[in-house]
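First to last, the sequence lines map onto chains H and Z.
If you use the UniProt record's numbering, the first sequence corresponds to residues 1 to 698, in order.
If you use the UniProt record's numbering, the second sequence corresponds to residues 1 to 698, in order.
There are 2 protein chains.
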Amino acid sequence: MKPFADLTRFINPRNVAVVGASAREASQGRRLYDNLVLHSAVPGEVFAVNPAYGEIGGRPCWPSISALPEADIDVALIMINASLVLDALKQCAARGIPFAVVMTSGFSEAGEEGQRLEREIAELCRATGLHVYGPNCPGFVNVRDRLGMTFSPAFKDDLNAGAIGLATQGGGLGRNLLQGLSHGQGVGLWFSAGNEVDLEIPDFIAHMANDPQIRVIALLMEGVKNGRRLTSALELARARNKPVVVLKIGHSEAGVRAAQSHTASVAGSAAVNSAVFRQFGAIEVDDLDQLLATARLLTRITPKSGNGLCIYTFSGGTAALAADIAGGAGLPMAAFAPATKAALRKLLPDFASIDNPVDTTADILRNQQASVECLRILCADPGVGTVLFPIPMDYGAITDGMAQAIATVAAETDTLIVPVWMSRRLGGGFQLLETEGLLPFLALSDAIAVLAKAVPWKTPAVQPAPSSPPAAAAASGGRMLSEAAAKSLLREAGLPVPQGVVVANAEEAAEQAARLGFPVVMKVVSAQIAHKTEAGGVRLNIASAGAAREAHAAILDSVARRCPEAKVDGILVERMLPPGGREVLVGVHRDAAFGLVLTFGLGGIFVETIRDVAHRMIPLSRDDARALVREIEYVEILEGVRGQAPADFDALEDLIVRVSDFAWQHREVLHEMELNPVWVGAAGQGAMPLDALIGYAG
Amino acid sequence: MKPFADLTRFINPRNVAVVGASAREASQGRRLYDNLVLHSAVPGEVFAVNPAYGEIGGRPCWPSISALPEADIDVALIMINASLVLDALKQCAARGIPFAVVMTSGFSEAGEEGQRLEREIAELCRATGLHVYGPNCPGFVNVRDRLGMTFSPAFKDDLNAGAIGLATQGGGLGRNLLQGLSHGQGVGLWFSAGNEVDLEIPDFIAHMANDPQIRVIALLMEGVKNGRRLTSALELARARNKPVVVLKIGHSEAGVRAAQSHTASVAGSAAVNSAVFRQFGAIEVDDLDQLLATARLLTRITPKSGNGLCIYTFSGGTAALAADIAGGAGLPMAAFAPATKAALRKLLPDFASIDNPVDTTADILRNQQASVECLRILCADPGVGTVLFPIPMDYGAITDGMAQAIATVAAETDTLIVPVWMSRRLGGGFQLLETEGLLPFLALSDAIAVLAKAVPWKTPAVQPAPSSPPAAAAASGGRMLSEAAAKSLLREAGLPVPQGVVVANAEEAAEQAARLGFPVVMKVVSAQIAHKTEAGGVRLNIASAGAAREAHAAILDSVARRCPEAKVDGILVERMLPPGGREVLVGVHRDAAFGLVLTFGLGGIFVETIRDVAHRMIPLSRDDARALVREIEYVEILEGVRGQAPADFDALEDLIVRVSDFAWQHREVLHEMELNPVWVGAAGQGAMPLDALIGYAG
């Protein structure tokens, strides 16, 4: 692997040459020259090179690189026709100029001839040790040392340096980030090496990992040229404790197409890219505003930030919404120390919520000092690592004061304060937060998404409780029917149920099994046993009369040992359905707001893991059932994978409508029911509940 | 079900009474009175009621409702101590006042006494037909008719009426929406009925569904009091063709807690709520800014909007990022008509991209007229229903002009133009879009999320291609090893593989099966058959020598029929592993950027449906393997569900490291390998690949 380039002389050159400097006002060659001569602090000389001019703006101009006077030139900036670039680079190499920046377009992004030129440049680099940055790039900006090797007219306004190091491939989106970081902690170095013929993003990462003034590395990548160099550079950044945040364009097919036409580099498969970023500790984000906000937030994170999240606001609805979104993202909410609560209680009105989320109520709006006090109290709590402070409305002077309170406390605490300016009225308060460099978020969910990615939370993130399958809503004091009773109710209601009979002893079991036809399944019948399998109360695949006798004894034995208190009403013997059926769940429960709701989903092991379910209010029409079945995420399991025949959708939909009808008829008393698993055969084979629970209100 | 209330006299009252009107400046009672007297256009009289005053602001004040002069009072606004409210309501009922708005707090949200009071109010409503709005609410605002039955000091600035009808429960967040909709299409009616003792959100939805001036209904709900009334109201809105967009607070546990303490209503289960909204055609959103933007966008949607998405920008990186995010969201990209391309080609420089996404390049920045032309061309294309126009940088006057171009074309086309102002510099261009009522989005992903929800796309949304499992990356011209050859290579490399032997005839099969011990599995060995099961080349669970003989014949027969061209090298007989193992996949493929990458995931049917996989660059350490195994989403399937013992993680991790080592040793030539399924037993039972494919580069 090619070692990382030493960029010291590139970052801080003494003398530079501008090849293609122009006297023509507003030309790119002139802007580049002016950026260096007028707007940069180049310690040494800026040599203009252009055979067309004897002088530019009153300063001398030379006809070629070779013709330049004796001087230690560190970087040659090249903005001439693509066909002339190779020769200029050869002159650079011959003079021992270590770095050349080729801004000119018309290389690999433009077609075969350009690709050939690029290969020759790469060959020249290998042969001579010359380092080339570009081609097809907007240049390099060293904001902190006022050095703009770029033709961008915006460079003269890039005045806000900071601890964020930025590497991009194209130029346009980097400018967006610089505009976003024009207050507070800004961008110190901005690399943007276009086609990356020689110097690549990994070289820049490696430099920034070692640069003591850079604390956070932000990457905007359209393709990965050399994966192993990239991961080595990421490893170096991790070793140096420099967090890396990356936006990788090229996730969807459409995006990949555009990325390839744009930078002509190889867009790796999105899933692999993401896995590699995770593996090497880089934080991947999904949009440009997230890249900006995450980079900025990373410069503000302290060892305390991950202790726990506090939501603090003056509107109850906002508190609820923020807690809701934070809960959904799994952020750990801080538990307040007693001293914190006591102090808040003293300061806030009685009807304020002094628990997390804190809702001061609007009373605090009139008292800026109380805002400051409250924030100080929260920030002093050791369990509070980050305070999320949503401001839902712009109330003019009142919210200006609130913004001032945030700025005041943020400057004195090691707790991370994250303001969210939720109003579209971006008044004085917003402007103050912006110019103070606090980069207020504009939406709660944006803030929370970034906090989830950027903050190293110490408490493991609490996953939100997944919606429980209906059976988990325990029959609160109601009456549960045994499987056998439930099935006979269903049979009366016209639902298909397996052929079966409850037997009283082993001999009867053998007889009935033979009558039903082998194989059979046998299950204990007891209203006290909800989990028959766990009680040893189920035997499958019984293939002979002898086996049925044996199974009868074994079930009674297991149940007696595991559920000694259960009253056994007999053993249910049922014909087994052919193998290869798919298992689904059809359940009904009573929702507090909407009444009886039907749940359909994948059954068996899927119920507790993937929880792939969909719901609909009862009663359902046949069309509802049809839509419901297709609403689950992995409906292809029913449609058939690996050449499997599709399931019997007709029968399944019919069963769902019958369950809905049954539940609707019993709507006054039905508490819950669950058919799980429901066996669904291939088209034409039918659908049948293998187990059934029905619970009535007490 | 209680019928929906007729709100005609409530929305446009002639005479109103303010019970609790106050002479004290800045009191809520005074602000309420002033809002009606000074800032509202009440056609009739505003009667002040307060026993403490003879007059307020020079106008008469009466001691009680009963004492008011003869007049047809439509609405009584009540802002007095909670303990006095019931009596005041009784006076209202006695006088035949049809509506009362109770703003006072201290009811069900405050505890038992308040709950009792609320029950009595509800009883009074039932008995007398009085309609109560509230209690614990900020009032009602009829923006379009300048009527503020509210104590909010902000009401006098609520001047921007429009076709959006808003119903909330608490007041705070509604204010945010009004601030956001203060230009362009605004809020016409804002209901916010707090505890909803009588009038509820469904009443307001039903009114707005029938109100000809309301085109879009926006809901911000913290709880659902009466699900069936809600769904009836949603049905009515759908029948009247009024789109409904809803933000429901209370998705996560934390959110539910805050919502309950705030409005004291029942927060239904989040999954059921979402299912019901979907069932009844309401668009559910996740955050307040989405609610705002979706409501606004819905007022701008035309029958053409869903035809196809066009992305139009002047920066290649932005085009790529936008296409990427839109692709990820499954939005259908428009295909341009030939005339569109021809017209763009004439207008734009050669290096611009005139395909979708359109990248005009920065040249267009200098020419506002060209911007207008370009937009007109795109909007005229019948396949373009929506133009997403991201502006990544604020370039001062240049981007101001671009904003003007958007406003110009937006006013004349039925194509939806959606601007995204991506820069944090919110200069003149942003302000212009804002005041023109175009509500520019501030981030690409926000815009695309809303477009995905709000626009009824005609082309079914194209799902992004899921990342393929390694085997799908076909061995391009390389050499594939047969299963038997692959397994013997793995065995040599120290990997566990099932005991087995390749046999040449049925007799040998029976002998070897007996030697290995029953049950065995038998599989065809042929380099030409990649999918053995589909070819009928696999028999499982062979329990006797006779069955082995039979299976040998059956396999040869099937294979001869289904793959007549395949050369059969024998039949592999293997000892079957005990039942109850879990199936996983361990694969290796070569990524263009990162080289060999190992994929781990759930095997069997899961590979093609759930695609629950994780990746890591090779080589992997033991720690890498440990982390990788736990990175998949449904790791609980390995940890054991339903009382199942955990899988043998040790053996699995060991196997993964060995696969990685094997791949690393063969890294120069290995193209891909796939072990699928890998059988993983319970802890201590080991892990073993049941099938193996190895492909070398050609």
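Cβ atoms here follow ideal geometry from the backbone N, Cα and C, with glycine treated the same way.
As the structure is a prediction and not an experimental result, all values here were calculated from the model.
Test item: CB-CB of residue 248 of chain H and residue 273 of chain H under 8 Å = Yes, the Cβ-Cβ distance between residue 248 of chain H and residue 273 of chain H is below 8 Å.
Indicate whether residue 7 of chain Z and residue 148 of chain Z have their beta-carbon atoms separated by less than 8 Å.
-> No. Outside cutoff.
Terminal residues of the continuous beta strand (DSSP E) containing residue 541 of chain H?
-> Judged by DSSP secondary structure, residue 541 of chain H falls within the beta strand (DSSP E) whose first and last residues are 538-542.
Collapsed DSSP secondary structure at residue 265 of chain Z in the structure displayed = Note that residue 265 of chain Z scores 40 on pLDDT, short of 50, meaning its location in the model is unreliable and no value can be drawn from it.
Compute the distance between the beta-carbons of residue 329 of chain H and residue 448 of chain H, then report whether it is under 8 Å.
-> Their beta carbons are under 8 Å apart, which means residue 329 of chain H touches residue 448 of chain H by this criterion.
Residue 207 of chain H - partner residues in DSSP beta bridges = DSSP lists no partner for residue 207 of chain H.
is_contact[residue 191 of chain H, chain Z] using C-beta, thresh 8 Å | So no, residue 191 of chain H is outside the interface.
For the stretch 384-405 of chain H, which residues have a CB atom closer than 7 Å to at least one CB atom of chain Z, in sequence order?
-> Listed by position along the chain: 392, 393, 394.
Taking any Cβ of chain Z, which residues in the stretch 583-615 of chain H have a Cβ under 7 Å from it, in chain order?
-> If you check each beta-carbon in the stretch 583-615 of chain H against every beta-carbon of chain Z, the ones closer than 7 Å belong to 591, 592, 593, 594, 595, 597, 605, 608, 609, 610, 614, 615.
Beta-carbon proximity check, residue 305 of chain Z vs residue 177 of chain Z, cutoff 8 Å = Contact: no.
Which term fits residue 350 of chain Z, buried or exposed, when burial requires 16 or more other beta carbons within 10 angstroms of its beta carbon?
-> Looking at its Cβ environment, which holds fewer than 16 other Cβ atoms inside 10 Å, residue 350 of chain Z is exposed.
Go ahead and label residue 2 of chain Z buried or exposed: buried means 16 or more other beta carbons lie within 10 angstroms of its beta carbon, across all protein chains shown.
-> Here residue 2 of chain Z is exposed. Its C-beta has fewer than 16 other C-beta atoms within 10 Å.
Candidates H:599, H:661, H:404, H:358: which alpha carbon is nearest residue 318 of chain H's?
-> Measuring from the Cα of residue 318 of chain H, the nearest candidate turns out to be H:358.
For the beta strand (DSSP E) that residue 679 of chain H lies in, which residues bound it at each end?
-> That run of the beta strand (DSSP E) goes 670-680.
Are the C-beta atoms of residue 228 of chain Z and some chain H residue less than 8 Å apart?
-> Judged by the 8 Å Cβ criterion, residue 228 of chain Z is in contact with chain H.
Which residues in the same chain as residue 392 of chain H place their Cβ atom closer than 6 Å to its Cβ, once the five residues preceding and following it in sequence are excluded?
-> Taken in chain order, the residues that qualify are 315, 318, 422.
At a cut of 8 Å, does the stretch 570-587 of chain Z reach the stretch 516-531 of chain Z through at least three beta carbon pairs?
-> In this structure the stretch 570-587 of chain Z lies against the stretch 516-531 of chain Z, because at least three pairs of beta carbons, one per stretch, are closer than 8 Å.
Return no unless some Cβ of chain Z is closer than 8 Å to the Cβ of residue 296 of chain H.
-> By the rule that beta-carbons nearer than 8 Å mark a contact, residue 296 of chain H does not touch chain Z.
Starting from the beta carbon of residue 200 of chain H, find every residue of chain Z whose beta carbon is closer than 9 Å, and list them in chain order.
-> Residue 200 of chain H does not reach chain Z, its nearest Cβ partner there being about 12 Å away, counting only Cβ pairs nearer than 9 Å.
Rounded C-alpha distance that separates residue 532 of chain H from residue 682 of chain Z = If I take the Cα positions, the gap works out to 22 Å.
Option in H:675, H:4, H:175, H:168 with minimal Cα separation from residue 491 of chain H | For residue 491 of chain H, the nearest C-alpha among the options comes from H:675.
Going along chain H in order, which residues have a C-beta closer than 9 Å to the C-beta of residue 634 of chain Z?
-> 609, 610, listed in chain order.
Would you mind telling me which residues of chain Z sit closer than 9 Å to residue 315 of chain H, beta carbon to beta carbon, in chain order?
-> Chain Z residues near residue 315 of chain H: 170, 171, 172, 173, 175, 176.
Leaving out five residues on either side along the sequence, give the residues of the same chain with a beta carbon under 6 Å from the beta carbon of residue 493 of chain Z.
-> 662.
Other residues of its chain near residue 528 of chain Z: CB distance less than 8 Å, five sequence neighbours each side excluded | Within the same chain, and ignoring the five residues on either side of residue 528 of chain Z in sequence, the residues whose Cβ sits closer than 8 Å to its Cβ are 563, 565, 566, 567.
Would a C-beta distance cut-off of 8 Å place residue 751 of chain H and residue 409 of chain H closer than the cut-off?
-> Within the shown structure, residues of chain H are numbered from 1 to 698, placing residue 751 of chain H beyond reach of any answer.
Where DSSP assigns a beta bridge to residue 421 of chain H, which residues make up the other side?
-> Residue pairing from DSSP places residue 421 of chain H in a beta bridge opposite H:391.
Are there 16 or more other CB atoms within 10 angstroms of the CB of residue 432 of chain H, so buried, or fewer, so exposed?
-> Counting the other Cβ atoms within 10 Å of the Cβ of residue 432 of chain H gives 16 or more, which makes it buried.
Kindly list, in the order they appear in chain H, the residues whose Cβ is closer than 9 Å to that of residue 413 of chain Z.
-> Residues of chain H whose Cβ lies closer than 9 Å to the Cβ of residue 413 of chain Z do not exist, since the nearest Cβ in that chain is about 24 Å away.
Could you name the residues that DSSP lists as bridge partners for residue 192 of chain H?
-> BP columns for residue 192 of chain H point to H:168.
Residue 425 of chain H touches chain Z at which residues, Cβ-Cβ below 9 Å?
-> Within 9 Å Cβ-Cβ: 179, 180, 182.
Between the Cα of residue 394 of chain Z and those of Z:424, Z:483, Z:370, Z:374, spot the shortest distance and give me the residue it belongs to.
-> Among Z:424, Z:483, Z:370, Z:374, the Cα nearest to that of residue 394 of chain Z is on Z:424.
Chain Z partners of residue 617 of chain H, CB-CB under 9 Å?
-> Near residue 617 of chain H (Cβ distances below 9 Å), the residues of chain Z are 227, 228, 231, 272, 275, 276, 279, 280.
In chain Z, which residues lie with their C-beta within 8 Å of the C-beta of residue 222 of chain H?
-> Taking a Cβ-Cβ cut-off of 8 Å, the neighbours of residue 222 of chain H in chain Z comprise 317, 320, given in sequence order.
Measuring only between beta-carbons, confirm whether residue 443 of chain Z sits less than 8 Å from chain H.
-> Yes - at least one Cβ of chain H is within 8 Å of the one on residue 443 of chain Z.
Contacts around residue 362 of chain H, its chain only, beta-carbon distance under 6 Å, and the 5 residues preceding and following it disregarded | So the list reads 314, once near-sequence residues are dropped.
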